[in-house]
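Heads up, the sequence shown is in my numbering, so the first residue is 52 and it goes up one at a time.
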Amino acid sequence: MDSNRRNEKEKNPRTKCSILTLITFLFVQPKALGKVVAYFQPNQKVVTENDLYMYACILIGLNIFSTMYNHNYQQFQIEYCIRARTAVAALIFRKALKLGPNALSNVTMGKIVTLITKDVFAFDTGLMFLNDMWIGVIHIVVITVIIYQRIGSSVFGGIGFYLLIIPLQLFVGRRVTVKRMQAAKKTDERLQLTTETLRNIKTIKMYSWENFFGDKLKELRK
């Protein structure tokens, strides 16, 4: 099995191509765009008309190649996220089947259902944006160096303002996480009550408790 995975990685060099494409696009695209803009400056003689066409073709080629790279990279991300989500869901399902009576008394059925049907989808968003954490650092460094060569130390004011937004994003992300945890708790309660209601539906009908449990379920759905 290890040899098959190794062969699959060797036959599918998308990761190496993605990194090479990213580095090439980060460095070449700003330089080519700068040469095109420099051609239209008055009284300049550094960039000729032939150079203009060459850099314009480079920009067009980079944009086409970047589009192909982005679609390939997104497909790779989606496939990887689906594999991770499926593996975690299968692991939770196998673990739930092996739980004993004592363990089941501490874990509600609604929590297990929520884990398999809802919580595992966090891997889709988490893993999809995981690479952006270190790629963003590379973006900041490269862009800072390129702009510093053009305008000098004034670039640090813009970069500083950009970095000040990070604490705000962390605060908003934490608040969203808290709200999601509260919603997940309410979902567990609703699923648990629904499961118990369906399990004891005969007893509920025998004592005419339909309206009472119906009101409880409607309250949890709000």
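Yeah, the Cβ is synthetic: ideal placement off N, Cα and C, and Gly gets one too.
Measure the C-alpha to C-alpha separation of residue i and residue j and round it to an integer number of angstroms.
{"i": "residue 217", "j": "residue 123", "result": "29 Å"}
{"i": "residue 141", "j": "residue 223", "result": "32 Å"}
{"i": "residue 86", "j": "residue 185", "result": "29 Å"}
{"i": "residue 82", "j": "residue 213", "result": "23 Å"}
{"i": "residue 99", "j": "residue 84", "result": "14 Å"}
{"i": "residue 200", "j": "residue 119", "result": "30 Å"}
{"i": "residue 14", "j": "residue 258", "result": "Coverage of the chain is limited to positions 52 through 273, which leaves residue 14 absent and any answer about it impossible."}
{"i": "residue 228", "j": "residue 253", "result": "39 Å"}
{"i": "residue 102", "j": "residue 75", "result": "19 Å"}
{"i": "residue 226", "j": "residue 195", "result": "31 Å"}
{"i": "residue 261", "j": "residue 240", "result": "18 Å"}
{"i": "residue 113", "j": "residue 182", "result": "21 Å"}
{"i": "residue 94", "j": "residue 105", "result": "20 Å"}
{"i": "residue 136", "j": "residue 231", "result": "19 Å"}
{"i": "residue 270", "j": "residue 138", "result": "35 Å"}
{"i": "residue 208", "j": "residue 134", "result": "42 Å"}
{"i": "residue 116", "j": "residue 168", "result": "37 Å"}
{"i": "residue 25", "j": "residue 162", "result": "The requested residue 25 is not part of the displayed model; the chain covers only 52 to 273."}
{"i": "residue 211", "j": "residue 198", "result": "14 Å"}
{"i": "residue 90", "j": "residue 110", "result": "15 Å"}
{"i": "residue 233", "j": "residue 221", "result": "19 Å"}
Counting C-beta neighbours from all protein chains within 10 Å, is the total for residue i 16 or more, i.e. buried, or is it exposed?
{"i": "residue 180", "result": "exposed"}
{"i": "residue 88", "result": "exposed"}
{"i": "residue 242", "result": "buried"}
{"i": "residue 256", "result": "exposed"}
{"i": "residue 52", "result": "Residue placement at residue 52 cannot be trusted, given a pLDDT of 44 that sits under 50; what the coordinates show is reported in the next sentence. Residue 52 comes out exposed."}
{"i": "residue 174", "result": "buried"}
{"i": "residue 61", "result": "For residue 61, the pLDDT reaches just 47, beneath the cut-off of 50, and the residue's location in the model is therefore unreliable, leaving the point undetermined."}
{"i": "residue 276", "result": "The chain is shown only over 52 to 273; residue 276 falls outside these bounds and no answer can be derived."}
{"i": "residue 59", "result": "Residue placement at residue 59 is poorly supported in this model, since its pLDDT is 47, which falls under 50; the coordinates are not used for a value here."}
{"i": "residue 55", "result": "Note that residue 55 has pLDDT 49, beneath the 50 cutoff, so the model's placement of it is unreliable and the number below is only indicative. By the neighbour-count rule (16 or more Cβ atoms within 10 Å), residue 55 is not buried but exposed."}
Rounded to the nearest angstrom, how far is the Cβ of residue i from that of residue j, given a contact under 8 Å?
{"i": "residue 238", "j": "residue 165", "result": "5 Å"}
{"i": "residue 178", "j": "residue 132", "result": "5 Å"}
{"i": "residue 268", "j": "residue 245", "result": "6 Å"}
{"i": "residue 263", "j": "residue 248", "result": "Going by Cβ atoms, the distance from residue 263 to residue 248 rounds to 10 Å, so no, they are not a contact pair."}
{"i": "residue 193", "j": "residue 78", "result": "7 Å"}
How about the stretch 200-214 and the stretch 124-136: do they share at least three Cβ pairs that are nearer than 8 Å? A contact between stretches requires three or more CB pairs, one per stretch, nearer than 8 Å, and the stretch 200-214 fails this requirement with the stretch 124-136.
With contact counted as at least three CB pairs below 8 Å, one residue from each stretch, are the stretch 183-191 and the stretch 145-152 in contact? They do not touch, by the three-pair rule.
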